[in-house]
Structure formats: structure tokens, C-alpha cells
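Notes follow once the structure below has been shown.
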Amino acid sequence: MREQMNDFFEALEGLFLEKDKEAFLEIKADLSRGIKVRMAEGESCEAILKALGSPQEIAEAYYEDQRLEKAMKAKQDIIAGEDLVREYKLKRNSCLKRWMIKLGKLFLFLFQILLLVTSFYFLMMVLYYLIYEQVMMWGAVTSSLFSLCFVIVLKKPEQVRKRLFLVYFVGIVSFLCNLLLVFNHSWVYQGQFLTRDIELKANAIESLNVSSTYPVDISVIQLSENETAKVEIKGHIRKQDQKQLFSMSSSKMNLTIGHPRFFDWSQSMGKVEVVFYLPENTKHKSLRFNLEQGEVTLNHTYAEKINLKMKKGRISITDVYSKMIQINSQSSDVSVHQFFSELAIKNKVGKTILSDGQGKIRVVTDSGVIKVLSTMSEKMELNNIEGKNIVSSGAIQRLTARNMKGTTIIEKQAGDTSIKNGSGKLVLTDLTGGLSVENDSGSVIVSQQVPLEATVKSASGHVKWVQSQDAVSRFDLSSTFGEITNQFKEQTKDEANTINISTEKGNIMVLKKELEGKS
1 MREQMNDFFE ALEGLFLEKD KEAFLEIKAD LSRGIKVRMA EGESCEAILK ALGSPQEIAE
61 AYYEDQRLEK AMKAKQDIIA GEDLVREYKL KRNSCLKRWM IKLGKLFLFL FQILLLVTSF
121 YFLMMVLYYL IYEQVMMWGA VTSSLFSLCF VIVLKKPEQV RKRLFLVYFV GIVSFLCNLL
181 LVFNHSWVYQ GQFLTRDIEL KANAIESLNV SSTYPVDISV IQLSENETAK VEIKGHIRKQ
241 DQKQLFSMSS SKMNLTIGHP RFFDWSQSMG KVEVVFYLPE NTKHKSLRFN LEQGEVTLNH
301 TYAEKINLKM KKGRISITDV YSKMIQINSQ SSDVSVHQFF SELAIKNKVG KTILSDGQGK
361 IRVVTDSGVI KVLSTMSEKM ELNNIEGKNI VSSGAIQRLT ARNMKGTTII EKQAGDTSIK
421 NGSGKLVLTD LTGGLSVEND SGSVIVSQQV PLEATVKSAS GHVKWVQSQD AVSRFDLSST
481 FGEITNQFKE QTKDEANTIN ISTEKGNIMV LKKELEGKS
């Protein structure tokens with residue numbers, strides 16, 4: 001009731017000019033006396049205010065009386081321009097003020113709703129962990145209390161106004177406790193420690209599926225052929241996840257370390273160590289890993305198919321014999337060494353290193369690094385948008401490399417090489433076999449000790465070809481708008497290898513490489 005009257009007179013006061021404040025006070029006093037008399041007779045406050053009219057109507061009536069009085073004194077009904085401007089500004093400011101008040105109340109209401117939802121959310125988190133994990137989440141408790149106290153302080157209901165200091169006290173204490181839990185790394189749930197050994201019913205695994213939402217460290221240790229295969233698990237895991245850890249049949253095993261939960265953000269688990277003890281020289285059919293993050297180390301493993309999917313971490317594979325190895329990652333460091341297998345690797349922004357292996361290879365990355373060393377392959381495909389491709393000492397029958405913005409470096413490659421380059425840099429050294437290059441605006445540098453059949457096409461990028469002076473080749477050079485420099489003009493022979501270089505706007509430089517020991 002009192003709040004309604006205060007709002008009514010505040011709105012009315014905003015409609016009066018500063019010079020008319022005394023008149024407003026007189027009107028307020030008269031209206032207040034009238035309201036008290038009518039309320040004493042039993043009328044409600046809302047009915048009285050409605051009968052009085054809106055503050056706008058009262059203010060307009062007052063200024064209309066003033067206008068008539070002024071016109072009668074001046075014997076003409078003329079209103080000065082200054083008064084019209086003042087009245088316009090008065091109405092405009094009044095309208096803006098009302099809208100600002102309404103918007104402020106709306107935002108305050110929405111903020112209170114948000115705080116209530118937050119408090120309820122944290123309360124649900126407390127109940128969830130009490131039921132399924134049998135632990136008290138004090139961080140969620142203090143957060144829920146603080147949000148609730150904040151709502152009460154903003155609302156200030158009649159029931160708690162006398163005890164508002166207690167609400168302030170509980171809110172401040174809960175906020176300080178919350179900060180203490182955060183700085184002490186005790187706000188989040190860290191699981192319960194588990195160590196378990198699981199013996200496998202068969203030494204040769206037909207199907208192994210490992211999935212984890214926890215950070216994991218997975219490794220394989222070789223046993224002698226007569227020992228029993230087993231899995232060792234050690235780490236902090238939710239009690240609910242411990243009940244659903246693994247399922248096993250005669251030669252199949254599913255190991256699931258964690259499931260996606262609604263409150264996953266409120267936990268911080270350390271790495272879970274998983275060690276597979278497998279007999280040596282045992283062939284497995286399928287090994288599958290679906291992981292969020294961690295490290296995977298596979299050594300001396302013989303499996304028909306290996307499938308690894310991990311968002312980020314480190315993957316190390318050494319001395320592996322397999323028909324197919326598939327790796328899919330967002331930003332992992334991938335290392336495959338001493339392999340005999342077909343490889344299909346997609347590593348979006350991570351680093352991929354392949355060495356001392358044999359098999360068909362396909363590696364795809366957006367901005368990562370691909371490094372291939374001492375590898376034999378029937379077919380290899382490297383796709384990189386803006387990263388780096390490095391191939392060294394390879395015997396690849398058919399090498400295809402694509403790099404749009406990054407760098408491609410190939411040296412001592414024996415076999416047919418096909419390269420598509422955008423605006424990146426291309427450096428080729430001591431290739432044997434055939435070479436085909438399609439270049440857009442990037443730079444191409446080729447350094448050769450021995451001649452080879454080559455075709456280089458470039459749009460606007462420059463091409464520099466440096467070759468040993470005793471390696472005889474026939475150069476077929478053409479450029480629409482670029483400059484051509486050729487130091488092998490007098491040494492071209494019809495029977496020599498042919499090197500075709502053509503550009504539209506790029507320059508072509510063919511230079512002699514001085515022999516070692518000569519100045």
C-alpha cells in the first residue's frame with residue numbers, strides 16, 4: 001500500500017517543473033489528506049488512486065489551470081514558445097524515465113530468475129553426488145547458498161527484513177568458503193582411487209575396445225608365451241563408473257573408463273594408468289581405442305587392425321605388424337616407428353612422424369607437421385593445408401603431396417613424385433624418378449645432383465632449378481610475362497632427360513651447381 005502511494009507521488013513529482021515544486025508539495029499534501037480520509041471510510045488504496053486519475057492527468061490539469069490563468073491575465077489565449085518547449089521536454093523526460101524504470105525492473109527480475117535457476121542447479125548437483133558417489137560437494141553447497149542469499153537481498157521480502165543481517169552473513173561466509181575451496185583445488189570432485197587386475201580368458205584377443213572420458217595412460221608390456229594375459233588399471237575413477245568398468249567374454253573385452261555425465265565439468269580426474277600384459281608373438285584381431293586425451297604406447301604388437309581415436313595427447317607405436325592402422329586425432333603427437341602396415345592418419349593440428357616403415361600411407365592434417373623418414377611405400381599421400389610436409393630418404397613408388405599455404409620439403413626420394421602447391425614454399429632436393437609440380441603463387445626450389453624427368457607448372461610463383469653442371473638435361477622453359485634465366489643453354493642434348501618448366505607471371509631461373517672441391 002505504502003509502496004503504491006510512493007510510486008504514485010514519485011511519478012507525479014517527475015512531471016512538475018523545478019519552479020513548480022512548491023505547488024506539487026501542496027497538491028501532494030491535499031491528496032494525502034484525502035486518501036487518508038477515504039481509506040478510513042474503508043476504500044482500498046488501489047480504488048482511491050484509480051479515482052484520482054493518473055499522475056499525467058493531474059499534472060496536465062494543473063498546467064492547464066496555469067495556462068488559463070495566464071491567458072486571462074493577458075486577456076488573450078496565447079502560450080509562450082518557452083512554455084511549449086518546457087512542456088514538450090517534460091513529457092519526453094517523463095516518458096523516458098518511465099521506460100528506464102520498467103527496463104530496470106525487468107532486468108532485475110530476469111537476474112533474480114537466473115540466480116534461482118543457478119541455486120537449483122547446484123542443489124541438484126549436491127543431490128546427484130550424494131546419491132551416486134556418496135560424497136558431499138561443498139563447493140556446490142556454498143554456491144547454492146550464495147545464489148539464494150543474493151536473491152533474498154535483492155528481493156527483500158517482508159518476512160526476512162528484520163533478519164536481513166543474517167542473510168548477509170550467510171552469503172558472505174558461503175562466498176568466502178567457495179573461494180577457499182577453489183584456491184585449495186577442492187571445489188571439484190576427484191573420484192575414488194581404484195586399483196584392479198583383470199585376467200583375460202584368452203591370450204589372443206579377438207576384439208579389444210577401450211573407451212575413456214578420463215585422461216589415460218595406456219601401454220602394452222610383453223610377457224613370455226606361457227604367461228596369462230591380464231589388464232592392470234590404477235587411478236581415480238567415479239564410483240558409478242567403477243561398476244561399469246569392463247565386460248568380457250572368451251576372447252572379447254570392452255573396457256569403458258567413464259561415461260559422459262551431466263555434471264562432468266565439476267570433476268577433475270588425474271590420469272588413469274592402463275597396462276595390458278600380453279604374451280609375445282600373439283596375433284590379435286582388432287584393437288580399438290576411443291579416448292578423450294592421454295598417452296597410448298603400443299610396442300611389439302601384432303594385430304590385424306588397430307583403430308585409434310583421440311582428441312589430444314600422445315600416440316607412440318613401435319615395431320607393429322598389422323594390415324591396417326587408423327589414427328584420428330585433433331591435436332596429438334603421433335609417432336609410428338618400425339611398422340609394416342597400411343596407415344591412414346588424420347591429425348588436424350598435431351605432429352605426425354613416420355619412420356623406418358613399409359606400407360601404403362595416407363596422412364591428412366590442417367595445420368600440423370608431417371614428417372616421413374626412411375620409409376618404403378607403394379603409394380603415399382600427404383595432404384596439408386597450411387602446415388609442413390617433410391619427406392626424407394624415402395623409396396616411395398608414387399608420392400602425392402598437397403600443401404596450400406605451408407611448406408613442403410622432400411629430399412632423397414626415389415620414385416614418382418607429384419606435388420600440388422598453393423601459396424606455400426616447395427623445396428626439393430636430390431630426387432630420382434619422375435617429378436610433376438603444379439604451383440599457384442608459391443615459390444619452388446629444386447636442387448639436383450642427377451637429372452630426372454620433370455614437369456613444373458606455375459601460375460605466378462617463381463621457379464628456381466639448381467642442378468649439377470655435369471648432369472646433362474634438356475630444359476624446355478617458357479613464361480608468358482616472367483623472366484627466364486638458363487645457364488644450361490649450351491649443354492642441352494636431344495637424348496638427355498627433359499625438364500619442362502612453364503609459368504604465366506613467375507620468373508624461371510635455371511642455375512649450375514658447382515662441383516664439390518671447385519671454387
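Following full-length UniProt numbering, the numbering of the sequence shown begins with 1 at its first residue and continues without gaps.
Idealized CB from N, CA, C, for every residue including glycine.
Beta-carbon separation (whole angstroms), residue i vs residue j, contact threshold 8 Å
i    : j    : result
N486 : S458 : Actually they do not touch by this definition, with Cβ atoms about 16 Å apart.
G424 : T408 : 7 Å
G387 : G368 : 5 Å
E456 : I501 : Per the sequence shown, the amino acid found at residue 456 is Val instead of Glu. At roughly 5 Å, the Cβ-Cβ gap stays under 8 Å, so V456 and I501 are in contact.
L90  : L17  : 7 Å
I198 : V220 : 15 Å between Cβ atoms; not a contact.
E206 : P279 : Not confirmed; about 15 Å, so no contact.
S147 : L115 : 5 Å
V334 : G357 : Their Cβ separation, rounded to whole angstroms, is 13 Å, which puts V334 and G357 out of contact at 8 Å.
Q267 : Y132 : Not a contact, Cβ separation roughly 12 Å.
S143 : F122 : 5 Å
Whether residue i touches residue j by CB criterion (8 Å)
i    : j    : result
D217 : E292 : no
Q4   : L52  : no
I233 : V182 : no
A11  : Y62  : no
S355 : S332 : no
K420 : I445 : no
L435 : G415 : no
V320 : F289 : no
Q397 : K379 : yes
Q222 : H337 : no
N281 : N209 : no
L298 : I317 : yes
M125 : F263 : yes
I353 : I325 : no
Contacting residues, own chain, Cβ-Cβ under 8 Å from residue i (five flanking each side not counted)
i    : result
K283 : A204, Y302, A303, E304
V135 : Y129, Y189
K405 : I385, E386, G422, S423, G424
P451 : Q467, A471, V472, S473, A496, N497, I499
Q244 : T256, H259
K155 : Q112
C149 : V167, Y168, V170, G171, S174
Classification of residue i by the beta-carbon crowding that lies within 10 angstroms, buried from 16 upward
i    : result
M100 : exposed
H185 : exposed
E342 : buried
R238 : buried
G42  : exposed
Q467 : buried
V510 : buried
S377 : buried
G270 : exposed
T228 : exposed
Y168 : exposed
G191 : buried
G482 : buried
G359 : buried
Q76  : Note that Q76 has pLDDT 49, beneath the 50 cutoff, so the model's placement of it is unreliable and the number below is only indicative. Q76 should be labelled exposed.
S322 : buried
S247 : exposed
P157 : exposed
G235 : buried
S212 : buried
L477 : buried
Cβ neighbours of residue i in the same chain (closer than 7 Å, five flanking residues each side left out)
i    : result
L145 : V170, S174
W187 : G139, L181
S250 : K201, A202
Q242 : L194
6 Å CB neighbourhood of residue i in its chain, flanking five on each side removed
i           : result
G14         : S94, K97
N389        : I370, L382, A401, N403, T408
N328        : K309, K346
L164        : none
S460        : S441, K505, G506
K312        : Q293, Q330, S331, S332
S479        : T503, I508
residue 527 : The displayed coordinates of the chain run from 1 to 519. Any statement about residue 527 would go beyond what the structure contains.
Y214        : I257, G258, M269, V272
A59         : L15
A454        : L435, I499
Distance cut-off 7 Å: residue i Cβ against heavy atoms of the ligand MN
i    : result
S251 : Absent from the structure shown: the ligand MN. Ligands present: none.
Indicate whether the contact test is met: 3 or more Cβ pairs, each with one atom in the stretch 333-348 and one in the stretch 359-379, closer than 8 Å. yes
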